[in-house]
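Data block below; observations after.
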Amino acid sequence: MLNIPGRPVRTCEGTARRDFLRIGGAGLLGLNLPEFLSWKASAAATRVENPSRAFGGAKSVIMLFLQGGPSHIDIWDPKPDAPSNVRGEFKPIRTKVPGISVSETMPMLADQMDKITLIRSMSYTP
Numbered sequence: 000m001l002n003i004p005g006r007p008v009r010t011c012e013g014t015a016r017r018d019f020l021r022i023g024g025a026g027l028l029g030l031n032l033p034e035f036l037s038w039k040a041s042a043a044a045t046r047v048e049n050p051s052r053a054f055g056g057a058k059s060v061i062m063l064f065l066q067g068g069p070s071h072i073d074i075w076d077p078k079p080d081a082p083s084n085v086r087g088e089f090k091p092i093r094t095k096v097p098g099i100s101v102s103e104t105m106p107m108l109a110d111q112m113d114k115i116t117l118i119r120s121m122s123y124t125p
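Numbering of the sequence shown is given in numbering that gives the first Met the number 0, commencing with residue 0 and proceeding in unit increments.
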């Protein structure tokens with residue numbers, strides 16, 4: 000039986016399913032360890048010299064999750080050509096990025112959109 004420090008040890012109850020899965024997982028980790036280490040070594044060898052030009056070189060990430068806040072259509076994704084029951088009450092304004100518009104409530108953000116990545120494809124299910 001695999002004993003992780005801090006957990007109670009059962010002596011006469013036999014092996015539980017969790018113990019079996021824990022032992023099996025440790026065994027699989029041991030079998031795959033050399034391959035995992037070779038992946039890590041090859042990833043280190045192919046690292047880009049200038050990290051500012053590499054994929055994922057963002058200095059910071061801000062995720063705005065406005066549950067109970069304004070609708071995304073009212074702020075980030077205005078739909079001026081949609082029917083009146085779908086589009087928001089605010090008018091869209093142009094940004095520095097062609098094809099992207101934001102709500103008229105955020106004119107200063109519209110000036111900075113060339114420094115922002117806007118992801119409109121995320122979803123949430125409670």
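Using N, Cα and C, we set each Cβ at its ideal position, and we do this for glycine too.
Just so you know, these numbers come straight off a predicted model, no measurement behind them.
Q: Pull up the distance between the alpha-carbon of residue 82 and that of residue 67, whole angstroms please.
A: If you take the alpha carbons of residue 82 and residue 67, they lie about 23 angstroms apart.
Q | Distance between residue 17 and residue 23 (C-alpha atoms, nearest Å) | A | Each residue's alpha carbon lies about 10 angstroms from the other.
**Q.** Cα-Cα separation between residue 61 and residue 111, rounded to whole angstroms
**A.** About 14 angstroms.
Q.
At the level of alpha carbons, what is the spacing between residue 86 and residue 70?
A. Approximately 10 angstroms between the Cα atoms of the pair.
Q. Relative to the alpha-carbon of residue 74, which residue among 37, 21, 99 has its alpha-carbon at the smallest distance?
A. Closest option to residue 74, Cα to Cα, is 99.
Q: Would you decide whether residue 116 is buried or exposed? Buried here means 16 or more other CB atoms lie within 10 Å of its CB.
A: Looking at its Cβ environment, which holds fewer than 16 other Cβ atoms inside 10 Å, residue 116 is exposed.
Q: Can you give me the Cβ contacts of residue 101 inside the same chain, cut-off strictly under 8 angstroms, excluding the 5 residues immediately before and after it?
A: Only 74, 75, 77, 91, 92, 94, 108, 109, 112 meet the Cβ criterion.
**Q.** residue 57 versus residue 114 - alpha carbon distance
**A.** Answer to the nearest angstrom: the Cα atoms are 11 angstroms apart.
Q) In the structure shown, what three-state DSSP assignment does residue 91 receive? A) The answer is strand: DSSP assigns residue 91 an E or B state.
Q: Starting from the C-beta of residue 88, find all residues in its chain whose C-beta is less than 8 angstroms away, skip the five residues before and the five after it, and write them out in chain order.
A: Residues of the same chain with a CB within less than 8 angstroms of the CB of residue 88, apart from the 5 flanking positions on each side, are 73 in chain order.
(Q) Taking 6 angstroms as the limit between beta carbons, can you name the residues of its chain near residue 119, skipping five residues before and five after? (A) Only 76 meet the Cβ criterion.
Q. Excluding the five sequence neighbours on either side, which residues of its own chain have a C-beta within less than 8 angstroms of the C-beta of residue 106, listed in chain order?
A. Once the five neighbours on either side are set aside, the close Cβ partners of residue 106 are 92.
Q) Looking only at its own chain, which residues have a Cβ that is under 7 angstroms from the Cβ of residue 64, when we skip the five neighbours before and after it? A) Hits under 7 angstroms: none found.
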